[in-house]
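Colleague: Before we start, here is the structure in question, set down as structure tokens.
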Amino acid sequence: MLWRLSQMQEENQTMNSSSDFGCDVCVVGKGLLGSATARHLAEMDLNVLLLGPDEPSVKSQHSGVFGSHYDSGRITRIIDTDLYCARIAEASISRYRDLEESSGIDFYQAVGHLAVSSAKDYIDEITNTARQLKVDFESLTNPELLDAFPYFSFANEVSGIYEQFTGGYVNPRNLIKAQSEMVLKADGKILTDTVSVIEKRKGFFEIFTESGKKVRANQVLVACGVFSERLMPGGQNLDLEICESTVLLAELSEENAMQLQEMPSLIFRYESEIEKGVYLLPPIRYPDQKMYIKIGHSESRPMSDPATNLTKWFQGDGDQAIGEWLHSQLFDLLPNVGLSNLKTESCAVSRSSTGRQFIDVMDESGIHVLLAGNGYSAKSSDELGRITAHKIISGEVPDEYSDIDFTVKHKRT
């Protein structure tokens, strides 16, 4: 690893000086995954440039790329039906407080997380995973749920798992700010711009931005979420599915928010495989300084013709029919809370056929990729960034993981 680091630094020193920026690694994508990877690379003493646009001020008028991290609340938890998901979440959560302290930016609220369902298999699976990882949790019967969380309304046959001390939520906007601050503290650089083209040269890459800047880098990582495919040769052949999601925000008064200040984040899983379930976040203050509760559907649906519809989807407010369904679910779960000014918002995720991230090198171009958030990567972004940084530097993921699990897959022709 030390040899590779010194080689990269030596190559960087011999680059043509005509570029606006030169670096060991250019991380394209200034979201949760990109900022985390850039931070870990910078703290490994690489010369890093983190490159990506800021959040648009008016999304309906924005015609460029978007990010799904334009939000103030995402559930964080260790308990999961999937041991891998639980492991990467646990690793990330274990570093939250250190990252907050080092950056001076708060993003983590450990208000607890509650998983509730009448599906015994679901409860058994997350219980088993929690025990394997020695997570501190509590099993609750229906009467115990009603006693502990009187503001919720659940059917009689449900039970729950309560992760009190590590679950809760993160603020994605602030988490990115914290990671970015640490990039700068480690002498990395940040460029707010949008990449238009990445071209491979002999021994390095040239990255061109929409504003006319040019970056030369020994290595490039693309971590642009659902807008990644356009930047790579063969990107359209990746075995990824872009899926659209709709969330509902409901405003509540400061008084009502205070009454729910100890409310945990919630996943409510149905018996039906079609509906799956919903997730719910406690009152959170958004950039407009109002308090909102957010509810979303656990499932997202494949987007038709993303090349045509993706930007339009982000410019809009999601699917109103799903919004109405979420409205009904919200009032079923919180029947006695005064809510007003309901509004829907759009989101999109990329899903891989393996259910794992693609952390690999594209054969066609030599570009490194971190793709496929799969709908659960926000809470686990720091560990995914660490895994990716290790892959870039050493050519392998850390020993506790396996490279084969993160191999890029292509669509069958």
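Quick note on the numbering used here: the sequence shown kicks off at 28 and runs consecutively. Glycine is no exception: its CB is placed at the ideal position from the N, C-alpha and C atoms. Quantities reported herein were computed from a predicted structural model and do not represent experimental measurements.
(1) Rounded C-beta distance between Val55 and Leu258? I'm assuming under 8 Å.
(2) If you run the structure through DSSP and keep just helix, strand and coil, what is Thr236?
(3) Put Cys270 into one of helix, strand or coil per three-state DSSP.
(4) Are the CB atoms of Ile188 and Ala157 within a distance shorter than 8 Å?
(5) For Glu127, which residues in the same chain have their Cβ closer than 8 Å to its Cβ, ignoring the five residues on either side in sequence?
(6) So what does DSSP say about Thr156, is it helix, strand or coil?
(7) Can you tell me whether Glu37 is buried or exposed, with buried defined as 16 or more other CB within 10 angstroms of its CB?
(8) On the DSSP letters alone, give me the boundaries of the alpha helix (DSSP H) that Pro333 sits inside.
(9) With H, G and I counted as helix, E and B as strand and the rest as coil, what does DSSP make of Phe358?
(10) In terms of DSSP beta bridges, what is Ser25 paired with?
(11) Beta-carbon within less than 7 Å of Gly100's beta-carbon, same chain only, minus the 5 sequence neighbours each way: which residues are those?
(12) So, are the CB atoms of Gly190 and Leu160 less than 8 Å apart?
(13) What distance in whole Å lies between the Cβ atoms of Tyr428 and Ile414, which are believed to be in contact at a cut-off of 8 Å?
(14) Under a Cβ-count criterion, where at least 16 other Cβ atoms within 10 Å of its own Cβ denotes burial, should Leu110 be classed as buried or exposed?
(15) Check Ala205 in the structure and name its three-state DSSP category.
(16) Pull up the distance between the alpha-carbon of Glu171 and that of Gln286, whole angstroms please.
(17) Can you list, in chain order, the residues of its chain with a C-beta nearer than 6 Å to that of Glu82? Leave out the 5 residues immediately preceding and following it.
(18) Following the continuous beta strand (DSSP E) through Glu165, name the residue where it begins and the one where it ends.
(19) Between the alpha carbons of Leu265 and Leu173, how many angstroms are there, rounded?
(20) Arg378 bridges to which residues according to DSSP?
(21) Out of Asp359, Leu398, Asp409, Thr338, point me to the one whose CA is closest to Thr434's CA.
(22) So which of Asp346, Tyr149, Gly239, Ser145 has the shortest CA-CA distance to Thr371?
(23) In terms of DSSP beta bridges, what is Gly49 paired with?
(24) Between the Cα of His89 and those of Ser186, Gln342, Asp409, spot the shortest distance and give me the residue it belongs to.
Modeller: This is what the structure gives:
(1) 7 Å
(2) strand
(3) strand
(4) yes
(5) Asp133, Phe134, Tyr135, Ala205
(6) helix
(7) Per-residue confidence for Glu37 stands at a pLDDT of 44, beneath the threshold of 50, marking its modelled position as unreliable; the derived number appears in the next sentence. Classification for Glu37: exposed.
(8) 333-342
(9) helix
(10) The requested residue 25 is not part of the displayed model; the chain covers only 28 to 440.
(11) Tyr196, Asn198, Leu308, Ile311, Lys321
(12) The amino acid at residue 190 is misidentified as Gly; the sequence shows Glu. Against a cut-off of 8 Å, the Cβ pair of Leu160 and Glu190 comes out as no contact.
(13) 6 Å
(14) exposed
(15) helix
(16) 20 Å
(17) Tyr97
(18) 165-167
(19) 46 Å
(20) Glu268
(21) Leu398
(22) Asp346
(23) Arg243
(24) Gln342
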